[in-house]
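These notes concern the structure reproduced below.
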Amino acid sequence: MIADLISAMGTVLLAWSLAIATLGGIGLLVRRCWAGGGNISTDPLLLSFWVGLCATIVVAQVWHVFWPTDGRLVVVLAAVGAVGLAIHARGLWSWAKATLPARPVALVVLVLLSLWLADRAIGPCQNVDSAGYHLAAIRWTVDGPLAPGLANLSPRLGLNYSTFLYFGLLEAAFPERSANLGNGLLVLAFFVSCVAAGGRLYRGVARPSDLFMLAVPTPMVGVVVSSNIASPSTDLLPMLLCFMAVATALDGWRPVAAAPEALEGSARPRLDGGTVLPAVLLLCVAATCKPTVMPLAGMLCATLALAWLAGARNRPERIRALVALVALPCCVLAPWLVRNVMLSGYPLFPLTVAPVPVPWRVSSETAEHLTTWARADAFRTLKGTARLSDMSWVRSWIAWQFRSISFGMTVLPLALAVVSGATIALLRGRGTRRPVGLVLLPAIVASIPVWMMSGPMPRYGSTIFWTLAGVCCALATAMVLERWRRPWTRRSLLLCFVALSASPLVGWIMLVAVLKKTSGDRGIVFTMPGEANGFHAMPAPELLPFGARNGLVLSVPGPGRGYLWYAPRGATDAPSHRLALRRAGELDSGFVMAPAATEPPSDDTIARAAAFIAVHAEPGDGLFLAEAWNDRLAAELLPRLPAGMVRIDPGPRSMSAHARLDLLKRLSGGPGVDGGEPVPARIWFVFADGPQTGSGADAMPLWYELLDAFAGRGEQLHLPGLSVGLHVM
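If you're matching positions, the sequence shown starts at 2 in our numbering and goes up one per residue.
Dropping the structure here:
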């Protein structure tokens, strides 16, 4: 057991070392675009990892349009990283000789953190979304080029998260280990900057950027003690990129004059390209990694751009800044928008704005269904409404923020921001200079209403709230240190930051002590070795064949097992009888939807459907009609069904998101959102092609979510000519 643990942790640490060296070398090369060669110091070296990661993602966006993100791209990137390290070898050696021997305590802390992260990273993947589609999307990234119309195969596979490219590269370099390596590598790189910032605070040379880095590690520790450290979850990378961008901006503000009084009066702090360009790069890539951070990233980019232009000394400098500020986002966002169109036919899928007339464009109903479902999930605790105009949701939504892990995503950072803001106001009233980083706060605060309107799920807003808390806390702490310049002040503040960061770990330990159990087969502090050479094995999906109308054979999760995990290409949790390949036999050619059947169902088809239900149904069974039905089918089939069945017709065009959510809760055996009675657990699912909606496939994602909620097994019957799927639970 010990040998397996050492082997697995050693594999993780070796992989992380190679990845850090490669990405750091790439980042050093990219940094030369705005900083030249120059001497290497700690801050640019730490930032080079994140710059190299962003540059790698941008390259992978373009590469994957034509080729898989396989070993060929890994070799190219490794070669570029090696060149970057070779060019800067002398500077790196000089920095290492001067810095590392002088920081023995920091090195010991980093070694211990690395060992802890490596131990946690070998655990099992327990993230539900990773099981549902993250891992499958990574498989599509590694095994082939970008497939047009992939959203037709499964709407969630059409979500263009650049995070999947990052994990895909790790998967290509270290097969079957991307889930164990990806998020742990990001947390380790972030912790290195945090430890460096803590050392500066202890020595009395901390800047606002260092104080910001010490204020925001709390959600990272939460990731380590949760299942997300060993899963390819998509929330961590954009959060860290936003954090590093804000830290870079705070570090870049410098007064025009050297005297302290330059922070007041007419002298204005200014930003230069060496600060703004890497920050904008990080923010733009963060927006492509997960669009939920796009409002925050966009407003921060606008703030930094205006600050740079306002501080330009002359017109030529202003023109150069403007050109750079236009060119850099275009280089990042243009290939991302093209990839969106290739995946779904929409530049901002699942939003249906600006549709492009391509053959593989997803139906607007499918895109709207995905958006509606995401919003319903975000509003799932709102009583009686999913609309903000009805204020009855406020009480239940606020209560939701205090539940479990949501507390650490919204309430804790908001409380920290309020306390820090009060400290800033108090010290300003006593004559302390105004901190220059306050200009970032309007951009951060302005992104909160966008989050509220688009879907106020706590994890969607975690980046916003922790960025707000970090900036407020950093500026307040800087003002405290300026007023009380004593060693005990610095050390007390450092202990407070450490305690704040450790709060998720302490909370989980206390929870385990109360409940006397842990989550699954892993501990909270340390992870025991698994059965796969020390790693915990990835579950294998149970797949069944699914034949589309035109002969295309897909794989679908078995009844009650609605997760794809790392399923091969061609597997989907949203099958449709209308799905077809653009070129027969070539998955890389992409997917299209054949026209919907418009002919009415035959008498024989209706009779077979009624007979099948009559044989298997019992009085009291529930009938769930997942689509708006063909009038004739409804009129002729329903009267033939056994007496006493519960009959529900939630057509997507006539059913609100709240009503659909209420039905889902009742079908799952619990009370509805409004307290309605549960529907009997034995449910029929009926899907039909009809001229009103075009395809019953739009409801397939809900179908499989229900199957998983029931965790039961069933029988399946597909009636030719009508595409009716009947599942008996």
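We put the beta carbon where it would ideally sit given N, CA and C, even for glycine.
Item, Value
"Same chain, Cβ closer than 8 angstroms to F50, neighbours up to 5 away in sequence not counted", "I21, L24, G25, G28, A190"
"Contact between the stretch 120-136 and the stretch 219-238 (3+ Cβ pairs under 8 angstroms)", "yes"
"Extent of the continuous alpha helix (DSSP H) to which F408 belongs", "Note, F408: premise wrong, no alpha helix (DSSP H); not H, not E."
"Closer than 8 angstroms to chain C by CB, A328", "Of the protein chains in the structure, only one exists, and it is not chain C."
"Pick from T424, L215, M245, T464 that is closest to W293, judged by C-alpha positions", "Looking at the sequence provided, one finds Thr at residue 293 rather than Trp. For the residues T424, L215, M245, T464, the minimum Cα distance to T293 belongs to T464."
"Per-residue DSSP class, three states only, for S743", "There is simply no residue 743 to check, as the chain begins at 2 and stops at 730 in what is shown."
"Nearest neighbour of V342, chosen from G535, R362, A325, L19 [CA to CA]", "R362"
"Spatial distance of L307 from R32 (CA atoms)", "22 angstroms"
"Assumed close pair A444, M300 - CB separation to whole angstroms, cut-off 8 angstroms", "4 angstroms"
"Residue burial classification, P69 (beta-carbon count within 10 angstroms, cutoff 16)", "buried"
"DSSP-derived helix/strand/coil call for M10", "helix"
"Which residues DSSP lists as bridging F165, in chain order", "F165 is not bridged to any residue."
"Cβ-based burial, F527 [other Cβ within 10 Å; buried from 16]", "exposed"
"Given 8 angstroms, three or more beta-carbon pairs between the stretch 132-151 and the stretch 547-559", "no"
"Counted within 10 angstroms of its Cβ, other Cβ atoms place P596 as buried (16 or more) or exposed", "exposed"
"Counted within 10 angstroms of its Cβ, other Cβ atoms place M453 as buried (16 or more) or exposed", "exposed"
"V76 burial status per 10 Å Cβ neighbour count (16 or more: buried)", "exposed"
"C331 versus L6: straight-line alpha-carbon distance, rounded", "45 angstroms"
"Whole-angstrom distance between V66 and D144, CA atom to CA atom", "13 angstroms"
"Status (buried if at least 16 other CB within 10 Å, exposed otherwise) for L113", "exposed"
"Contact the stretch 176-190 vs the stretch 9-19: 3+ CB pairs below 8 angstroms", "yes"
"Delimiting residues of the beta strand (DSSP E) encompassing S49", "Note, S49: premise wrong, no beta strand (DSSP E); alpha helix (DSSP H) at 43-67."
"Stretch-stretch touch, CB-based, cutoff 8 angstroms, three pairs: the stretch 332-352 with the stretch 53-65", "yes"
"Three-state secondary structure (DSSP) of P576", "coil"
"Exposure of A173, with buried meaning 16 or more beta-carbon neighbours within 10 Å", "buried"
"Boundaries (first-last residue) of the beta strand (DSSP E) holding G548", "544-548"
"Cβ neighbours of A313 in the same chain (closer than 7 angstroms, five flanking residues each side left out)", "R319, A322"
"4-residue-minimum alpha helix (DSSP H) runs that sit fully inside the stretch 153-211, ordered along the chain", "164-174, 179-204"
"Three-state secondary structure (DSSP) of A541", "coil"
"6 angstroms Cβ shell around G508 - same chain, five flanking residues per side excluded", "none"
"Unbroken beta strand (DSSP E) run spanning S1, endpoints", "The requested residue 1 does not occur in the structure, where the chain is confined to residues 2 to 730."
"S448 versus L215: straight-line alpha-carbon distance, rounded", "23 angstroms"
"C-beta atoms of S210 and A248 nearer than 8 angstroms", "yes"
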